[in-house]
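Protein chains in written order, with the working numbering: chain A, 1 to 332; chain B, 333 to 664.
C-beta atoms are modelled at their ideal positions from N, C-alpha and C, and glycine is treated no differently.
For reference, the structure discussed in these notes is given below.
Number of protein chains: 2
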Amino acid sequence: MHHTTVSRALRNDPSVKPETREIVLGAARELDYHPNSFAVNLRRRRSNVIGVIVPELYHEFFSSIVAEITRAANDEGYSVLICQSNEDYQQEIRNVSTLMSNRVAGVIAAISQHTFNDEHFKNIEKAEVPLIFFDRYCENCNASKVVIDFYGGAYQLVKHLIKSGCKRIAHIGGPKHMPGVIQRLEGYKAALHDYNIPFEDELVVHGGFSPEDGVMATHRFLSLPKRPDAIFAIDDQVAIGTMIRIKTEGLKIPDDIAVAGFDNDKISEFTDPALTTVDIQRKKIGKKAIELLLRHLDNLSESNAPVTETIPTELIIRESSQRVTQPALAAD
Amino acid sequence: MHHTTVSRALRNDPSVKPETREIVLGAARELDYHPNSFAVNLRRRRSNVIGVIVPELYHEFFSSIVAEITRAANDEGYSVLICQSNEDYQQEIRNVSTLMSNRVAGVIAAISQHTFNDEHFKNIEKAEVPLIFFDRYCENCNASKVVIDFYGGAYQLVKHLIKSGCKRIAHIGGPKHMPGVIQRLEGYKAALHDYNIPFEDELVVHGGFSPEDGVMATHRFLSLPKRPDAIFAIDDQVAIGTMIRIKTEGLKIPDDIAVAGFDNDKISEFTDPALTTVDIQRKKIGKKAIELLLRHLDNLSESNAPVTETIPTELIIRESSQRVTQPALAAD
DNA sequence: ATGAAAGCGCTAACAA
DNA sequence: TTGTTAGCGCTTTCAT
Numbered sequence: 001m002h003h004t005t006v007s008r009a010l011r012n013d014p015s016v017k018p019e020t021r022e023i024v025l026g027a028a029r030e031l032d033y034h035p036n037s038f039a040v041n042l043r044r045r046r047s048n049v050i051g052v053i054v055p056e057l058y059h060e061f062f063s064s065i066v067a068e069i070t071r072a073a074n075d076e077g078y079s080v081l082i083c084q085s086n087e088d089y090q091q092e093i094r095n096v097s098t099l100m101s102n103r104v105a106g107v108i109a110a111i112s113q114h115t116f117n118d119e120h121f122k123n124i125e126k127a128e129v130p131l132i133f134f135d136r137y138c139e140n141c142n143a144s145k146v147v148i149d150f151y152g153g154a155y156q157l158v159k160h161l162i163k164s165g166c167k168r169i170a171h172i173g174g175p176k177h178m179p180g181v182i183q184r185l186e187g188y189k190a191a192l193h194d195y196n197i198p199f200e201d202e203l204v205v206h207g208g209f210s211p212e213d214g215v216m217a218t219h220r221f222l223s224l225p226k227r228p229d230a231i232f233a234i235d236d237q238v239a240i241g242t243m244i245r246i247k248t249e250g251l252k253i254p255d256d257i258a259v260a261g262f263d264n265d266k267i268s269e270f271t272d273p274a275l276t277t278v279d280i281q282r283k284k285i286g287k288k289a290i291e292l293l294l295r296h297l298d299n300l301s302e303s304n305a306p307v308t309e310t311i312p313t314e315l316i317i318r319e320s321s322q323r324v325t326q327p328a329l330a331a332d
Numbered sequence: 333m334h335h336t337t338v339s340r341a342l343r344n345d346p347s348v349k350p351e352t353r354e355i356v357l358g359a360a361r362e363l364d365y366h367p368n369s370f371a372v373n374l375r376r377r378r379s380n381v382i383g384v385i386v387p388e389l390y391h392e393f394f395s396s397i398v399a400e401i402t403r404a405a406n407d408e409g410y411s412v413l414i415c416q417s418n419e420d421y422q423q424e425i426r427n428v429s430t431l432m433s434n435r436v437a438g439v440i441a442a443i444s445q446h447t448f449n450d451e452h453f454k455n456i457e458k459a460e461v462p463l464i465f466f467d468r469y470c471e472n473c474n475a476s477k478v479v480i481d482f483y484g485g486a487y488q489l490v491k492h493l494i495k496s497g498c499k500r501i502a503h504i505g506g507p508k509h510m511p512g513v514i515q516r517l518e519g520y521k522a523a524l525h526d527y528n529i530p531f532e533d534e535l536v537v538h539g540g541f542s543p544e545d546g547v548m549a550t551h552r553f554l555s556l557p558k559r560p561d562a563i564f565a566i567d568d569q570v571a572i573g574t575m576i577r578i579k580t581e582g583l584k585i586p587d588d589i590a591v592a593g594f595d596n597d598k599i600s601e602f603t604d605p606a607l608t609t610v611d612i613q614r615k616k617i618g619k620k621a622i623e624l625l626l627r628h629l630d631n632l633s634e635s636n637a638p639v640t641e642t643i644p645t646e647l648i649i650r651e652s653s654q655r656v657t658q659p660a661l662a663a664d
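Structure follows, in structure tokens:
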């Protein structure tokens, strides 16, 4: 039998006689034969590998999204090549280079905190490799992206705190220039404004994304002449630090100070008290990113106008914001 | 210029005149040229991609090890193709097939909970692709592995609890058949034995790896006629569930019941009280796995006798096991 | 120090 | 339905 026939049989080419195909498939199974993907890809000028670049896999945020991307990609017959930038611009450039060298079929990326230059991502587009961003994207790229409704989530959260009777709501922000951080701050400000609570500079502190940042920021808030009665942290990890610091002070959560986070980290359900937070549907993000990428991959000819998918967030109310003594609720 | 010369220049072949090389490298940079890896790999009969199979990326245990594997692999010029088995045997078989199809240079794997058949891993060995296991390995494979000293960690932890004055130490185990679970149980038993504390069946309950499992198991312990004065959970997530349940009961940690976990999950430092646990040096595991794999990759000719590297564990004592009223310490 | 030739294992176009 | 031919873009060997 000619190797062409074998090749056809393995790809389920309908022109192969069923009988012949059975023989081939049987033999292939027997020998645990796998077509040489190098040759296949060389010939077909494309691979079934998708490149993913994330800042890190340490936080549940990224690892769970990567988990979902991988799962969804596998379901569609793609494999995932993973790169971490470690929040480093130079490393991210190397990551892109690695993916281009590996001739990936497409790229899904969340850029590092310290990336302010788009050159490397532009190169991906120049090579006509489809590119999808999620969460953190570069402004000047002509790429589709999946973004999170941080603004809406923060707005709903702060509104909830206000309705629970909080009057001095502090906010622990993240790195100042990050869009998601800015959007949360904007949502916070908008809610305050809509409910006639003046915004106060001293009630906003910026830091990173770890519990230590929460401890430090909270320390500052507690030493204010007029301390806040609620603290909205940029994420659940930071909120955990906040709770630690409040407890050290001997204050009660939520009655002395209410606490809320963001992300719906799996731990948030099990803190003491359970943490009010905002769910960001990480699975949906991963799934959507793959969906957008596949759309680009499938119709390479079609108009590939970049789209922006916004994933809604959902307020999760738990004990850390539910006061025993609630004031009469204001009209909505 | 002949393409052969270009190829040589790009690979820093010393036979190329420095002057020529500069011209080539300059042009390559200019054009953002990347050699076609399909052709390179086809010709060289090997790739620079390492396949990794993990049960999931959801727990910090796996995601942080994958993070480290990826980092170490990148440092050595390799990329990482990631697969999740989702703790499913059939999926794991598909994962292996995917990696073989992609002609990865080597495989690093932690097998699923439900894998009791080695066939697919045997196929990797048959194809002469180096295979390294970490944490969870298949018994019958002739592969090197990186294992964790669960036994020693559990022993030290239980010894610490005993020295802290605990006399009825309960253990929440994981899935019964998993080696790491068994080893922790053995370490627990050995410590009890060495300090003349009788082992009691009713003080051991098996479950999964989530906080819910901790809540359930603890519930059982608390309804015992003679409740335990310490609970050693299979991991930190389970320990968090344990703490929740103990608090619900109105009992104090550690004075009424001491609690300890395993893994040194990043959250363990920030629970209330901070959780005593055992660190398992996840970074070292990832680094060692890559190191072993590269050793196989580099001397394909040499004797590849499989080795087993045991990564030591380290007791991390925090508040959840430090009683206010400590008894006089027994001699060591 | 460079060029020429062969071939890695496939797939696509065409022929039979 | 199957076979033949050519060539994907490199690297290696040998020749110059």
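Which one or two residues does DSSP pair with residue i in a beta bridge?
| i | result |
| --- | --- |
| B/PHE448 | Answer is none; B/PHE448 lacks a bridge partner. |
| A/CYS83 | A/ILE53 |
| A/THR20 | The partner list for A/THR20 (beta bridge, DSSP) is empty, contrary to what the question assumes. |
| B/LYS458 | B/LYS458 pairs with nothing; no bridge assigned. |
| A/SER144 | A/ILE132 |
| A/HIS206 | A/GLY173 |
| A/ASP279 | A/ASP263 and A/GLU314 |
| B/GLY438 | B/ILE382 |
| B/ILE563 | B/ALA502 and B/VAL591 |
Figure out for me which residue from the options has the closest Cα to the Cα of residue i.
| i | options | result |
| --- | --- | --- |
| B/MET432 | B/ALA442, B/SER444 and B/CYS415 | B/CYS415 |
| A/SER79 | A/ASN41, A/ASN48 and A/ILE316 | A/ASN48 |
| B/ARG552 | B/ASP568, B/ASP561, B/LEU535 and B/PHE541 | B/LEU535 |
| A/LYS189 | A/ILE169, A/MET178 and A/PRO175 | A/ILE169 |
| A/THR218 | A/GLY180, A/LEU192, A/ILE257 and A/ALA191 | A/ILE257 |
| B/VAL479 | B/ALA404, B/LYS579, B/PRO560 and B/VAL639 | B/VAL639 |
| A/TYR137 | A/THR4, A/ARG245, A/GLN90 and A/VAL54 | A/VAL54 |
| A/ILE172 | A/GLU200, A/SER15, A/ILE267 and A/ASP298 | A/GLU200 |
| B/LEU524 | B/ILE566, B/LYS491 and B/VAL372 | B/LYS491 |
| A/PHE133 | A/ALA127, A/LYS126 and A/ASN142 | A/ASN142 |
| A/ASN196 | A/THR276, A/ILE162, A/THR313 and A/GLU249 | A/ILE162 |
| A/ALA110 | A/GLN183, A/ALA305 and A/ALA289 | A/ALA289 |
| A/THR277 | A/MET178, A/GLU269 and A/LYS283 | A/GLU269 |
| B/LYS579 | B/THR336, B/LYS558 and B/ASP604 | B/ASP604 |
| A/HIS206 | A/MET178, A/LYS226 and A/ARG227 | A/MET178 |
| A/ALA27 | A/GLU125, A/ALA9 and A/VAL129 | A/ALA9 |
| A/GLN21 | A/ARG45, A/PHE38 and A/SER7 | Here residue 21 of chain A turns out to be Arg, not Gln, going by the sequence shown. Ranking the options by Cα distance to A/ARG21, first place goes to A/SER7. |
| B/ARG426 | A/GLY152, A/ASN74, A/VAL104 and A/ASN86 | A/ASN74 |
| B/ASP450 | B/PHE564, B/TYR421, B/ILE576 and B/ILE440 | B/TYR421 |
| A/GLN322 | A/ASP229, A/GLY152, A/PHE62 and A/ASP149 | A/ASP229 |
| B/LEU583 | B/GLY540, B/PHE448, B/LEU554 and B/SER347 | B/LEU554 |
By the criterion of Cβ-Cβ separation under 9 Å, what are the contact partners of residue i in chain B?
| i | result |
| --- | --- |
| A/HIS34 | SER429, MET432, SER433, ASN434, ARG435 and ALA459 |
| A/PRO130 | Chain B residues near A/PRO130: none, gap ~17 Å exceeds 9 Å. |
| A/ILE257 | The premise fails here: A/ILE257 is roughly 15 Å from chain B at the closest Cβ pair, so nothing lies under 9 Å. |
| A/THR115 | Those do not exist, as A/THR115 stays about 17 Å from chain B at its closest Cβ, beyond 9 Å. |
Since I believe residue j is in contact with residue i (beta carbons under 8 Å), could you give me their beta-carbon distance rounded to a whole number of angstroms?
| i | j | result |
| --- | --- | --- |
| A/ALA274 | A/SER320 | 6 Å |
| B/GLY383 | B/ASN344 | Actually they do not touch by this definition, with Cβ atoms about 28 Å apart. |
| A/ILE240 | A/VAL181 | A/ILE240 to A/VAL181, Cβ: 18 Å. No contact. |
| A/GLN156 | A/LEU315 | 5 Å |
| B/VAL398 | A/LEU57 | 6 Å |
| B/ILE599 | B/ASP568 | 7 Å |
| B/PHE482 | B/GLY540 | Not a contact, Cβ separation roughly 17 Å. |
For a contact defined as C-beta to C-beta under 7 Å, what are the partners of residue i on chain B?
| i | result |
| --- | --- |
| A/ALA67 | GLU388, LEU389, TYR390 and GLN416 |
Interface residues of chain A around residue i at Cβ under 8 Å?
| i | result |
| --- | --- |
| B/GLY573 | PHE270 |
Measuring from the CB of residue i, is there a heavy atom of the ligand GTP at a distance below 7 Å?
| i | result |
| --- | --- |
| A/LYS176 | The ligand GTP is absent from the structure shown, which contains no ligands of any kind. |
Name the chain A residues whose beta carbon is nearer than 9 Å to that of residue i?
| i | result |
| --- | --- |
| B/PRO543 | LYS266, ILE267, GLU269 and PHE270 |
| B/LEU413 | VAL49, SER79, VAL80, LEU81 and ILE82 |
Who are the neighbours of residue i on chain A, taking C-beta pairs under 7 Å?
| i | result |
| --- | --- |
| B/VAL570 | Within 7 Å Cβ-Cβ: nothing; B/VAL570 doesn't reach chain A, min ~11 Å. |
| B/ASN455 | ASP32 |
| B/ARG403 | GLN84 |
Since residue i meets chain B, which of its residues come closer than 8 Å, beta carbon to beta carbon?
| i | result |
| --- | --- |
| A/VAL107 | Those do not exist, as A/VAL107 stays about 13 Å from chain B at its closest Cβ, beyond 8 Å. |
| A/ALA39 | PHE370 and LEU374 |
### Task
Could you name each continuous beta strand (DSSP E) segment of 3 residues or more that falls completely within the stretch 290–315 of chain A, going from the start of the chain to the end?
Runs found: 308–311.
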